[in-house]
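Heads up, the thing below is written out as structure tokens.
There are 2 protein chains.
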Amino acid sequence: MDIAIVGYGFVGQALVQLIYDTKDRLRNEDIDPNIKYVINSKGGIYNPNGINLKNFIKFTNMDKDINLYNEDSTINVTFTDLIREKDVDIVIEMTPTNLNTGEPGLSHITKSLSNGIHVITANKGPILLAYDELYKIAKENNVQLGIGCTTGGALPSINSGIVELAGSKITSIVGILNGTTNFILEEMEKNGIEYREALKKAQKLGIAESDPTLDVKGFDTASKLLILTNILMKTNKSIEDIQLRGIDSINLSDIKEMASINKRYKLIGKSILSKGQVQISVKPEIIDANDSFYNVSGKDKAVQYSSDTLGDFTIIGGASGVVAAAASILRDLININRGYQYIK
Amino acid sequence: MDIAIVGYGFVGQALVQLIYDTKDRLRNEDIDPNIKYVINSKGGIYNPNGINLKNFIKFTNMDKDINLYNEDSTINVTFTDLIREKDVDIVIEMTPTNLNTGEPGLSHITKSLSNGIHVITANKGPILLAYDELYKIAKENNVQLGIGCTTGGALPSINSGIVELAGSKITSIVGILNGTTNFILEEMEKNGIEYREALKKAQKLGIAESDPTLDVKGFDTASKLLILTNILMKTNKSIEDIQLRGIDSINLSDIKEMASINKRYKLIGKSILSKGQVQISVKPEIIDANDSFYNVSGKDKAVQYSSDTLGDFTIIGGASGVVAAAASILRDLININRGYQYIK
Numbered sequence: 001m002d003i004a005i006v007g008y009g010f011v012g013q014a015l016v017q018l019i020y021d022t023k024d025r026l027r028n029e030d031i032d033p034n035i036k037y038v039i040n041s042k043g044g045i046y047n048p049n050g051i052n053l054k055n056f057i058k059f060t061n062m063d064k065d066i067n068l069y070n071e072d073s074t075i076n077v078t079f080t081d082l083i084r085e086k087d088v089d090i091v092i093e094m095t096p097t098n099l100n101t102g103e104p105g106l107s108h109i110t111k112s113l114s115n116g117i118h119v120i121t122a123n124k125g126p127i128l129l130a131y132d133e134l135y136k137i138a139k140e141n142n143v144q145l146g147i148g149c150t151t152g153g154a155l156p157s158i159n160s161g162i163v164e165l166a167g168s169k170i171t172s173i174v175g176i177l178n179g180t181t182n183f184i185l186e187e188m189e190k191n192g193i194e195y196r197e198a199l200k201k202a203q204k205l206g207i208a209e210s211d212p213t214l215d216v217k218g219f220d221t222a223s224k225l226l227i228l229t230n231i232l233m234k235t236n237k238s239i240e241d242i243q244l245r246g247i248d249s250i251n252l253s254d255i256k257e258m259a260s261i262n263k264r265y266k267l268i269g270k271s272i273l274s275k276g277q278v279q280i281s282v283k284p285e286i287i288d289a290n291d292s293f294y295n296v297s298g299k300d301k302a303v304q305y306s307s308d309t310l311g312d313f314t315i316i317g318g319a320s321g322v323v324a325a326a327a328s329i330l331r332d333l334i335n336i337n338r339g340y341q342y343i344k
Numbered sequence: 345m346d347i348a349i350v351g352y353g354f355v356g357q358a359l360v361q362l363i364y365d366t367k368d369r370l371r372n373e374d375i376d377p378n379i380k381y382v383i384n385s386k387g388g389i390y391n392p393n394g395i396n397l398k399n400f401i402k403f404t405n406m407d408k409d410i411n412l413y414n415e416d417s418t419i420n421v422t423f424t425d426l427i428r429e430k431d432v433d434i435v436i437e438m439t440p441t442n443l444n445t446g447e448p449g450l451s452h453i454t455k456s457l458s459n460g461i462h463v464i465t466a467n468k469g470p471i472l473l474a475y476d477e478l479y480k481i482a483k484e485n486n487v488q489l490g491i492g493c494t495t496g497g498a499l500p501s502i503n504s505g506i507v508e509l510a511g512s513k514i515t516s517i518v519g520i521l522n523g524t525t526n527f528i529l530e531e532m533e534k535n536g537i538e539y540r541e542a543l544k545k546a547q548k549l550g551i552a553e554s555d556p557t558l559d560v561k562g563f564d565t566a567s568k569l570l571i572l573t574n575i576l577m578k579t580n581k582s583i584e585d586i587q588l589r590g591i592d593s594i595n596l597s598d599i600k601e602m603a604s605i606n607k608r609y610k611l612i613g614k615s616i617l618s619k620g621q622v623q624i625s626v627k628p629e630i631i632d633a634n635d636s637f638y639n640v641s642g643k644d645k646a647v648q649y650s651s652d653t654l655g656d657f658t659i660i661g662g663a664s665g666v667v668a669a670a671a672s673i674l675r676d677l678i679n680i681n682r683g684y685q686y687i688k
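Top line first, the protein sequences correspond to chains U and H.
Numbering-wise, the first sequence is residues 1 to 344 according to my numbering.
Numbering-wise, the second sequence is residues 345 to 688 according to my numbering.
This is the structure in structure tokens:
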């Protein structure tokens with residue numbers, strides 16, 4: 001399987017390492033991974049016979065710029081070169097996400113699919129903004145678009161909805177889809193600290209970003225929920241359709257009051273089908289002690305689906321971090337190779 | 345898609361009804377279901393152009409023997425006729441399970457796969473006793489064997505393990521896999537009644553069978569866990585390898601004692617990989633209030649997987665009853681039609 005990696009940050013590095021480490025498992029799946037391109041914003045490298053991963057990992061582990069890796073590869077290669085050559089089976093698109101334009105990911109995905117190349121992406125922007133169009137292009141070109149990593153990484157979410165609810169009508173999607181806010185709320189309760197202090201701790205631990213807006217204001221949850229809802233409930237909603245409130249207005253006193261009656265605040269994303277309309281909200285909600293979301297702790301995430309013929313189910317967990325994100329991309333790659341059609 | 349239904353009990357009837365009711369959804373999946381055969385222990389009917397489902401449902405709803413249905417079908421048809429004609433794409437095998445011999449399901453599945461016909465089965469016996477062999481036959485004949493209904497019906501279990509943990513090594517499987525025992529234990533706590541009384545209530549509600557041995561002694565849990573473990577953890581275990589204890593020795597006083605310290609007994613099936621060996625047990629275990637299994641209530645089921653690269657996740661829920669069982673068979677059918685390869 002000839003692979004191009006486009007976008008080479010921490011997850012990209014973890015993915016290359018994981019592909020190298022698990023080559024025996026991949027061989028059991030009849031996959032012989034051959035990474036021909038690694039491209040990032042500054043340039044890219046190319047070896048038509050496949051980059052020697054052992055050497056490449058060693059090189060990049062020393063924190064060297066990939067564009068200097070000329071041991072077995074051509075340097076200064078661009079995405080345009082890749083599209084001209086069309087010599088890969090799959091593009092793994094991992095450039096930084098842009099929720100407003102989707103670029104550069106959107107162009108990468110569009111061009112790859114249009115040229116008959118499968119795509120797996122970890123990039124929420126393009127999927128949020130243009131999934132229907134990308135789906136159409138993939139279908140026309142008889143290739144697959146794997147997006148398992150865009151709605152909660154290792155947490156089985158979008159693919160579970162597609163596979164496990166096949167044939168059933170989904171009537172609601174409810175989730176704790178953002179680990180950072182879940183961690184902050186738990187810290188506030190566990191350690192009796194105010195929001196600001198819990199946020200600082202999360203930032204110190206690398207769980208929250210220095211600008212935490214996307215997480216704490218609910219935009220990250222909203223993005224994931226929109227992808228899930230538009231695909232699984234067949235809607236065409238955008239961020240403006242969501243009743244949105246973050247966790248930054250919750251005080252320690254609110255948390256304590258709930259704790260005293262065995263309840264907890266969680267940042268809940270919710271899409272409910274009612275009278276033919278889907279209503280979407282993202283806001284802190286009060287969760288009862290006998291609800292399966294009550295014990296979703298720390299960085300964990302969860303999603304609950306309700307359906308007409310298969311009932312409800314809740315999925316809790318999925319590891320966080322770059323290795324898990326990489327593993328969730330590899331999971332899509334294996335399932336595409338197994339012949340599973342995300343797009344039909 | 346030409347279909348044969350072999351075994352026509354409550355789930356079979358629900359499946360025919362569901363296929364009829366959801367034909368628009370199935371059309372969206374490019375499935376035009378054409379049921380050519382319905383065969384049960386007393387005989388069978390056949391229409392090479394497809395049985396008229398509307399008429400057939402009306403007929404069987406009046407509780408008439410299918411073998412009298414000669415409105416548009418040949419009667420007195422047997423499984424041997426089906427195998428001679430080989431004129432279906434898929435056999436849905438739903439004969440009563442036999443955990444000792446696997447028959448008659450085992451023969452049905454073997455012959456269907458050997459003749460290049462996909463199989464979906466709800467029948468635990470053959471899968472428990474001969475999965476490896478059946479897998480091999482399916483692979484040789486380039487057909488699929490769907491078993492999603494054998495390990496908890498609508499609860500996403502075996503397929504989730506295959507799809508959602510693709511590429512990861514599963515290090516443990518822990519589950520509440522039997523709804524009947526879960527219901528009984530909850531009734532004892534909720535209503536302060538002894539085991540005998542709770543069992544009687546479950547029997548009265550049709551949740552427990554008149555001979556409850558398979559459920560309450562843990563054999564049903566053990567069967568499901570064995571299928572999950574042998575396939576997902578690649579072992580070759582049998583019932584003798586399991587440390588097995590049912591719930592029938594639990595008294596109300598035990599339940600009350602646990603409730604007083606916010607704990608609960610649950611019948612837990614557990615397969616743990618440790619030092620290269622998989623240890624399997626099925627027994628009542630004490631579950632803490634902050635465990636995600638604590639709130640798995642009533643007839644609900646749950647399964648938790650741990651893995652090396654994708655972390656842990658827990659799935660809770662999945663409807664009970666014949667419609668949900670039928671829907672979980674239809675789910676396998678749709679996924680096989682989408683090209684998903686359970687067997688590769």
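Each residue gets a CB set at the ideal place from its N, CA and C atoms; glycine is no exception.
Just so we're clear, the structure is a prediction, and the values are computed from it rather than from any experiment.
Buried or exposed: where does LEU68 of chain U fall if 16 or more other Cβ atoms within 10 Å of its Cβ makes it buried? Residue 68 of chain U sits at position 68 when you count from the first residue of the first sequence. Burial call: exposed.
Report the neighbours of GLY511 of chain H on chain U: residues whose CB is nearer than 7 Å to its CB, in chain order. Start at 1 with the first residue of the second sequence, and residue 511 of chain H comes out as number 167. At a C-beta separation below 7 Å, GLY511 of chain H has these neighbours in chain U: THR22, ARG25, ALA327, LEU330, ARG331, ILE334.
State yes or no: is the beta carbon of ASN396 of chain H nearer than 8 Å to at least one beta carbon in chain U? If you number the second sequence from 1, residue 396 of chain H lands on position 52. False, the Cβ-Cβ gap to chain U never drops below 8 Å.
When you measure from the CB of TYR413 of chain H to every non-hydrogen atom of the ligand COA, does any distance come out below 7 Å? Of ligands this structure carries none, so the ligand COA is not represented either.
I'd like to know if the region 486 to 494 of chain H and the region 601 to 609 of chain H are in contact, where contact means that at least 3 CB-CB pairs between them fall below 8 Å. Touching, no.
Proximity below 8 Å, CB of LYS398 of chain H to CB of TYR364 of chain H: The residue labelled residue 398 of chain H in the question sits at position 54 within the second sequence. The residue labelled residue 364 of chain H in the question sits at position 20 within the second sequence. The beta carbons of LYS398 of chain H and TYR364 of chain H sit closer together than 8 Å.
Return the Cβ separation of ASN123 of chain U and THR95 of chain U in integer angstroms, given the expectation that the two are a contact with Cβ distance under 8 Å. For the purposes of this step, residue 123 of chain U is identified with residue 123 of the first sequence, where counting begins at 1. For the purposes of this step, residue 95 of chain U is identified with residue 95 of the first sequence, where counting begins at 1. Yes, they are in contact, since the Cβ atoms of ASN123 of chain U and THR95 of chain U sit about 6 Å apart, within 8 Å.
Quick check: LEU232 of chain U and ILE247 of chain U, are their CB atoms within less than 8 Å of each other? On the first sequence, position 232 is the one that residue 232 of chain U refers to. On the first sequence, position 247 is the one that residue 247 of chain U refers to. No, Cβ-Cβ distance for LEU232 of chain U and ILE247 of chain U is not below 8 Å.
Less than 8 Å between C-beta atoms, sequence neighbours within five positions excluded: which residues of the same chain meet that for LEU353 of chain U? In the structure as shown, chain U starts at 1 and stops at 344, and residue 353 of chain U therefore has no counterpart that could be examined.
Could one say the Cβ of TYR475 of chain H lies closer than 8 Å to chain U's Cβ atoms, at least one of them? In the second sequence, the residue the question calls residue 475 of chain H occupies position 131. No - not a single Cβ of chain U is within 8 Å of the one on TYR475 of chain H.
Using a Cβ cut-off of 8 Å (strictly closer), state whether LEU499 of chain H contacts chain U. Here residue 499 of chain H is taken as the residue at index 155 of the second sequence, counted from 1. Judged by the 8 Å Cβ criterion, LEU499 of chain H is in contact with chain U.
Is it right to say SER357 of chain U is buried, meaning 16 or more other beta carbons lie within 10 angstroms of its own, or is it exposed? One cannot answer for residue 357 of chain U here, as it falls past the ends of chain U, which runs 1 to 344.
Would you tell me roughly how many angstroms separate the C-alpha atoms of TYR684 of chain H and SER172 of chain U, rounded to the nearest one? What you label residue 684 of chain H is simply residue 340 of the second sequence in a count that begins at 1. What you label residue 172 of chain U is simply residue 172 of the first sequence in a count that begins at 1. Going by the C-alpha atoms only, they are around 25 Å apart.
ASP416 of chain H versus LYS380 of chain H: straight-line alpha-carbon distance, rounded: For the purposes of this step, residue 416 of chain H is taken as the residue at position 72 of the second sequence. For the purposes of this step, residue 380 of chain H is taken as the residue at position 36 of the second sequence. Here the C-alpha atom of ASP416 of chain H lies approximately 11 Å from the C-alpha atom of LYS380 of chain H.
Continuous beta strand (DSSP E) stretch holding ARG682 of chain H: start and end: Taking the first residue of the second sequence as 1, we reach residue 682 of chain H at position 338. Neither: ARG682 of chain H is in no beta strand (DSSP E) and is coded neither H nor E.
Bounding residues of the beta strand (DSSP E) (the contiguous stretch that carries SER172 of chain U): As a working note, residue 172 of chain U is residue 172 in the first sequence. 170 to 176 is the extent of the beta strand (DSSP E) around SER172 of chain U.
Pull the bridge partners of GLY490 of chain H from the DSSP assignment, please. Here residue 490 of chain H is taken as the residue at index 146 of the second sequence, counted from 1. DSSP lists H:ILE464 as the beta-bridge partner residues of GLY490 of chain H.
For VAL350 of chain H, does the three-state DSSP call read helix, strand or coil? Translated into the one-based positions of the second sequence, residue 350 of chain H becomes position 6. Assigned with DSSP and collapsed to three states, VAL350 of chain H falls in strand.
With 8 Å set as the bound, which would you pick, yes or no: does the beta-carbon of TYR609 of chain H sit closer than that to a beta-carbon of chain U? As a first step, residue 609 of chain H must be located in the second sequence, where it is residue number 265. So no, TYR609 of chain H is outside the interface.
Measuring only between beta-carbons, confirm whether GLN13 of chain U sits less than 8 Å from chain H. Position 13 of the first sequence holds residue 13 of chain U. Not one beta carbon of chain H lies nearer than 8 Å to the beta carbon of GLN13 of chain U.
Is it true that the region 525 to 533 of chain H meets the region 630 to 644 of chain H, where meeting means three or more beta-carbon pairs spaced less than 8 Å apart? By the C-beta criterion, the region 525 to 533 of chain H is judged to be in contact with the region 630 to 644 of chain H, since at least 3 inter-stretch pairs fall below 8 Å.
Compute the Euclidean distance between the alpha carbons of ASN76 of chain U and GLU93 of chain U, then round it to the nearest angstrom. For the purposes of this step, residue 76 of chain U is taken as residue 76 along the first sequence, with counting starting at 1. For the purposes of this step, residue 93 of chain U is taken as residue 93 along the first sequence, with counting starting at 1. Distance between the alpha carbons of ASN76 of chain U and GLU93 of chain U: 18 Å.
Which one or two residues does DSSP pair with ALA302 of chain U in a beta bridge? Against the first sequence, residue 302 of chain U aligns to sequence position 302. ALA302 of chain U is bridged to U:ILE176, U:ILE316.
Alpha helix (DSSP H) containing SER107 of chain U: first to last residue? Residue numbering aside, residue 107 of chain U sits at position 107 when the first sequence is read from its first letter. Unbroken alpha helix (DSSP H) run through SER107 of chain U: 105 to 114.
Can you list, in chain order, the residues of its chain with a C-beta nearer than 7 Å to that of ALA345 of chain U? Leave out the 5 residues immediately preceding and following it. Summary: the structure shown does not reach residue 345 of chain U, with chain U confined to residues 1 through 344, and so no result is reported for it.
At a Cβ cut of 7 Å, what residues of the region 459 to 473 of chain H count as close to chain U, listed as they run along the chain? Correct list: empty, as no residue qualifies.
Less than 8 Å between the CB atoms is what I'm expecting for MET345 of chain H and ASN681 of chain H, so what's the real figure, rounded? Here residue 345 of chain H refers to the residue found at position 1 when the second sequence is read from its first residue. Here residue 681 of chain H refers to the residue found at position 337 when the second sequence is read from its first residue. Between ASN681 of chain H and MET345 of chain H the Cβ distance is about 7 Å, and since that is below 8 Å, they are a contact.
If you draw a straight line from the alpha carbon of LYS169 of chain U to that of GLY394 of chain H, how long is it in whole angstroms? To locate residue 169 of chain U, count along the first sequence from 1; it is residue 169. To locate residue 394 of chain H, count along the second sequence from 1; it is residue 50. Taking the straight line from one Cα to the other gives about 26 Å.
VAL350 of chain H and HIS452 of chain H: beta carbons closer than 8 Å? As a working mapping, residue 350 of chain H is identified with position 6 in the second sequence. As a working mapping, residue 452 of chain H is identified with position 108 in the second sequence. Cβ atoms of VAL350 of chain H and HIS452 of chain H: closer than 8 Å.
Going by C-alpha distance, which of H:GLY492, H:ILE464, H:TYR352, H:LEU362 is nearest ALA482 of chain H? As a first step, residue 482 of chain H is located in the second sequence; it is residue number 138 there, counting from the start. Checking every option, the nearest Cα to that of ALA482 of chain H belongs to H:ILE464.
SER281 of chain U - DSSP class collapsed to helix/strand/coil: The sequence position of residue 281 of chain U within the first sequence is 281, counting from 1. Of the three classes helix, strand and coil, the one that applies to SER281 of chain U here is strand, per DSSP.
What residue from U:THR150, U:ASN100, U:LYS217, U:THR60 has the CA that sits closest to GLN13 of chain U's CA? Start at 1 with the first residue of the first sequence, and residue 13 of chain U comes out as number 13. Answer by Cα proximity: U:THR60.
Return the bridge partner residues of ASP632 of chain H from the DSSP annotation. Here residue 632 of chain H refers to the residue found at position 288 when the second sequence is read from its first residue. According to DSSP, residue pairing for ASP632 of chain H in a beta bridge involves H:LYS607.
Could you tell me the distance, in whole angstroms, from the CA atom of MET406 of chain H to the CA atom of VAL360 of chain H? Taking the second sequence and counting its residues from 1, one reaches residue 406 of chain H at position 62. Taking the second sequence and counting its residues from 1, one reaches residue 360 of chain H at position 16. Roughly 15 Å between the two C-alpha positions.
Please compile the residues from chain H whose C-beta is within a distance smaller than 8 Å of the C-beta of THR60 of chain U. To locate residue 60 of chain U, count along the first sequence from 1; it is residue 60. Listed by position along chain H, the residues whose Cβ is nearer than 8 Å to that of THR60 of chain U form an empty set, because the closest Cβ is around 20 Å away.
Could you tell me whether the Cβ atoms of THR573 of chain H and THR579 of chain H are closer together than 8 Å? As a working note, residue 573 of chain H is residue 229 in the second sequence. As a working note, residue 579 of chain H is residue 235 in the second sequence. It is a contact, given that the beta carbons lie within the stated cut-off.
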